[in-house]
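Here the structure is laid out as C-alpha cells; the discussion comes afterwards.
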Amino acid sequence: MSQVKKLSHVNYKKSFSLTILGIIGLLGIFAPLLMPHDPFAVDITRKFLAPSWEYPLGTDHLGRCVFSRILLGIRYSLGSALLIQMIAIILAIFLGAFVALKRGMIDFLFIRICDILLAFPTLVLAFGLLGLLGPSLKNVLIALIFTQLIYYSRMIRSLFIGMNEKEFIQAARISGTTGVGLIVRHYFPNVLPIIVTIVALDVGKVILEIAGFSFIGLGVQAPIPEWGMMVNEGKQYIRQHPELMLYPGLAIVLVVLLFNRLASSLKNFE
Amino acid sequence: MTLLEVKNIEKYYSQRQFIFRRKHEIPIIQKVSFSLREGECLGIVGQSGSGKSTLGRIILGVERPTNGEVLFQGVNLYEATSKDKKMVRRDLQAVFQNSYDSFNPKQTIFEILEEPLLNFEHYSKIERQHKVMELLDCVELANTIAQKYPAQLSGGQQQRINIARALALNPKLIVLDEAISSLDMILQKHILQLLQTLQKERKLAYIFISHDLQATHFMSDRILVMQHGQLMEEIQKGQTCQHPVSQELYNAILPSHPRGRNKIRY
Ligand SMILES: Nc1ncnc2c1ncn2[C@@H]1O[C@H](COP(=O)(O)OP(=O)(O)OP(=O)(O)O)[C@@H](O)[C@H]1O
Ligand SMILES: [Mg+2]
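First to last, the protein sequences are chains E and G.
Heads up: the first sequence begins at 1 in our numbering, then just goes up one per residue.
Heads up: the second sequence begins at 1001 in our numbering, then just goes up one per residue.
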C-alpha cells in the first residue's frame, strides 16, 4: 500500500513539474506572439516605469519592457540549456559506446584524457575555454557542450562497461549479437533511465552556469535578454530598483527548482 | 568426429587477501582436458563450487581461460577471426544456470527468442513469428507468453525460454548448465525426452552440467566428475564409479527405498 502511495506521489510530483515546465517551454516558443513590446526597443523617456497594464513588469534602465524580455529570455536560458544537454548527451552516447566497445588502448587514452580534464572543476574548464574563444552565446554553448560531453561520455562508458559482466550480455553474445546490436538492444535500454535522470538533473546546473557567465560578462552579450544578463544589467540599479534583478532571478530559481524536482521524481521512480 | 576439444584448461581468479598482503591467485579450474564427439552427451557432475559453471563458460567462449585452449570444430575460440567466431556462435549455444540473469529485463519473451533469428537467419517478420511460436510449443509454453517480460514468468518458465532460445538456431552443441533444475518432475521428463529426440534427429551434442545425478545418467553417454576444479574420474555408460570422490557423490543419492542404499549402480 505504502509503495502505491509513494508511487502516486512521485507521479504527481513528476507530472506537476513536467506540466509547468511544458507551459514555460510553450511560452518560450510562442514568445514573439505573446510579447506586448519589442524587447529590444530602447526608449529613454520611459525608463524605470512601474508595472502597469501596458508594461506588466515595468521597464528597465533603457525603457525596455521587462516582461517581454523575460519571455524571450526563456529561449536563451532554458532553450540553450536544453540544447546543450541534448547535443552533449547524444555525442556522449556515441563516444562512450565507441570507447566501451573498443576497450584496449583507445579506452586507456580516453580515461587518461578525461581524468586530466575532469581534474579541473567544470566551471573552471568552461572559463578557460570561454577565455580562449571569446564571449558570445555561441561560445558559451560550445564551452558547456564540451564540459558536459567529457563528463557524460565518461559516465556512459562506465555504465556500459559495468554491464559487460552481466550474464544477459554474455547470453546475447552467444545468440550472435555483436557491436552496434549489443549497444542498441541491450546496453542502451538498460541505462536509459539513469541517463534521462542525470540529464534532467543537470539542466538546472547548466542554466545557472549560462547565467553565471553572463553575469560576470564572459557569456551572452548585452542586448540579448538572457536572464543572467538581465540580472547583470540590473545590478547597477540594485538600490533604486531591485526588482530589475529580482524578476530574472526568480525566473532562474523557478526553472532550476522545477528541473530538480523533475529529476528527483525520475530518480525515485526507477 | 570430434566436435569439441578442451586442452589443458586452467583458470585463476586473482583475489586480494587482505589490505596489505599480496594478490593471491586462486585456481578455479586446473588442467582440464577432454573431447566430445558429434551427437554425444557428456555429463559433468560435482559438488557446488567445483567449477562446473566456470568450465561451461570457458567452453562457450565468453570467459577467457588463463591457460589452455578450446577448439570447436577445429577453431580456437579465443583466437578466432570474427568470421570464424560468427560461424562458431551459430553452432554453440547455451542454457545458463541463472535463467533470469540471462535475460535482458527490457526485452519481451518474443524479442528474446527473436534475437538469434535476427542475427543469423534472413526471415521475414511473419516467419520469425512462426518460428518463435514453434519454439514455445517445443518447450510446452503457451503462445500468450510471448508478450510478457522475463520478470513476469515463473522460474521454470524462464528456464524453458532459455532452452527454447538455445534451440532456435539448430546448433551442434548446447551447454546445459542446470538446465532443468527448477522444473517439476513431469516437465523434466518431457524436456529430457525432447532433448534426446533432438539429439538423435539432428546429431545434437550436449554438455549436461548438473547436481542431479539421476538426470545426468539418463542423458549422458559419459560422465566427468569434478572436484576443486579438477577432473577426478571419467565414468563410461554402464560402468560403476571407482574414485572415492565419485563414490561419495553417488552414496549421497537418496534411494527410492531405504534398503537400496549404497547399492546404487549406473
Ligand atoms: N568471477 C569470479 N571471481 C572469483 N571467483 C569466482 C568467480 N566466479 C566463480 N568463482 C569461484 O569459482 C568457483 C567455481 O564456481 P562455479 O560457479 O564454476 O561452481 P559450480 O560448480 O558451477 O557450482 P554450482 O554447482 O553451485 O553451480 C567458486 O568457488 C566460486 O566462488
Ligand atoms: Mg554452477
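We put the beta carbon where it would ideally sit given N, CA and C, even for glycine.
- Interface annotation, phenylalanine 110 (chain E): not in contact with chain G, CB-CB separation never under 9 Å.
- Residue contact with chain G for arginine 103 (chain E): absent (no Cβ-Cβ distance below 9 Å to any residue of chain G).
- The criterion of a C-beta distance shorter than 9 Å is satisfied by tyrosine 187 (chain E) and methionine 163 (chain E).
- Contact between leucine 1135 (chain G) and alanine 1168 (chain G) holds, with the beta-carbon distance rounding to 6 Å and staying under 8 Å.
- Among the residues of chain G, those whose CB is under 7 Å from the CB of glutamate 167 (chain E) are Phe1096, Asn1098, Asp1101 and Ser1102, following chain order.
- By the beta-carbon neighbour count (other beta carbons within 10 angstroms, threshold 16), glycine 1043 (chain G) is buried.
- Relative to the non-hydrogen atoms of ligand 2, the Cβ of aspartate 1212 (chain G) never comes closer than 8 Å to any of them.
- With the rule of 3 Cβ pairs closer than 8 Å, the region 167-178 of chain E counts as touching the region 1081-1101 of chain G.
- Distances from the alpha-carbon of methionine 1226 (chain G) to those of G:Thr1081, G:Ser1033, G:His1122 and G:Ile1253 put G:Ser1033 closest.
- With a threshold of 16 other beta carbon atoms within 10 Å, glycine 73 (chain E) meets it and is buried.
- If you look at tyrosine 1206 (chain G), you'll find it in the beta strand (DSSP E) that goes 1205-1209.
- DSSP places asparagine 1104 (chain G) in the coil class of the three-state scheme, outside both helix and strand.
- For glycine 217 (chain E), the closest Cβ of chain G is not nearer than 9 Å.
- Separation of the CB atoms of threonine 1002 (chain G) and serine 1035 (chain G) is rounded to 5 Å, and the pair is thereby assigned contact status at 8 Å.
- The shortest CA-to-CA distance from glutamate 1038 (chain G) to any of G:Lys1203, G:Leu1055, G:Val1245 and G:His1228 is the one to G:Lys1203.
- Residue contact with chain E for valine 1075 (chain G): absent (no Cβ-Cβ distance below 9 Å to any residue of chain E).
- Per DSSP, the continuous beta strand (DSSP E) segment holding glutamate 1025 (chain G) begins and ends at 1023-1037.
- Partner residues in the beta bridge of glutamate 1233 (chain G), as assigned by DSSP, are G:Val1225.
- Contact annotation: in the region 73-106 of chain E, no residue has its CB less than 8 Å from a CB in chain G.
- Between lysine 1011 (chain G) and threonine 1066 (chain G), the CB-CB gap stays under 9 Å.
- Residues of chain E with a Cβ closer than 9 Å to the Cβ of lysine 1011 (chain G) do not exist; the shortest Cβ-Cβ separation is about 16 Å.
- Within chain G, Lys1086, Arg1089, Arg1090, Glu1115, Pro1116, Leu1118, Asn1119, Phe1120 and Leu1169 have C-beta atoms less than 9 Å from the C-beta of glycine 176 (chain E), given in sequence order.
- In the structure shown, the three-state DSSP call for threonine 1002 (chain G) is strand.
- Our two residues, tyrosine 1250 (chain G) and leucine 1213 (chain G), have alpha carbons roughly 8 Å apart in a direct line.
- Under the criterion of beta carbons closer than 8 Å, isoleucine 70 (chain E) and alanine 251 (chain E) qualify as touching, at roughly 6 Å.
- For lysine 1106 (chain G), the chain E residues whose C-beta falls within less than 7 Å of its own C-beta are Pro189 and Asn190, listed in chain order.
- The C-beta of tryptophan 227 (chain E) has 16 or more other C-beta atoms within 10 Å across all chains shown, which makes the residue buried.
- Annotation for serine 1182 (chain G) indicates a beta carbon at 8 Å or more from all heavy atoms of ligand 2.
- In the structure shown, the three-state DSSP call for serine 1048 (chain G) is coil.
- In this chain, the alpha helix (DSSP H) harbouring aspartate 107 (chain E) covers 104-118.
- For leucine 21 (chain E), same chain residues with a beta-carbon under 6 Å away, outside a window of 5 residues either side, are Leu258 in chain order.
- With respect to arginine 103 (chain E), isoleucine 161 (chain E) sits close: the two C-beta atoms are nearer than 9 Å.
- Counting only residues of its own chain and dropping the five nearest sequence neighbours on each side, tyrosine 1013 (chain G) has a CB closer than 8 Å to the CB of Glu1025, Ile1026 and Ile1028.
- Boundaries of the beta strand (DSSP E) harbouring glutamine 1093 (chain G): 1092-1095, taken from the DSSP string.
- Taken in chain order, the members of the region 1045-1072 of chain G whose beta-carbon sits within less than 7 Å of a beta-carbon on chain E are Leu1060 and Val1062.
- At the C-beta level, leucine 192 (chain E) and leucine 18 (chain E) stay beyond 9 Å of one another.
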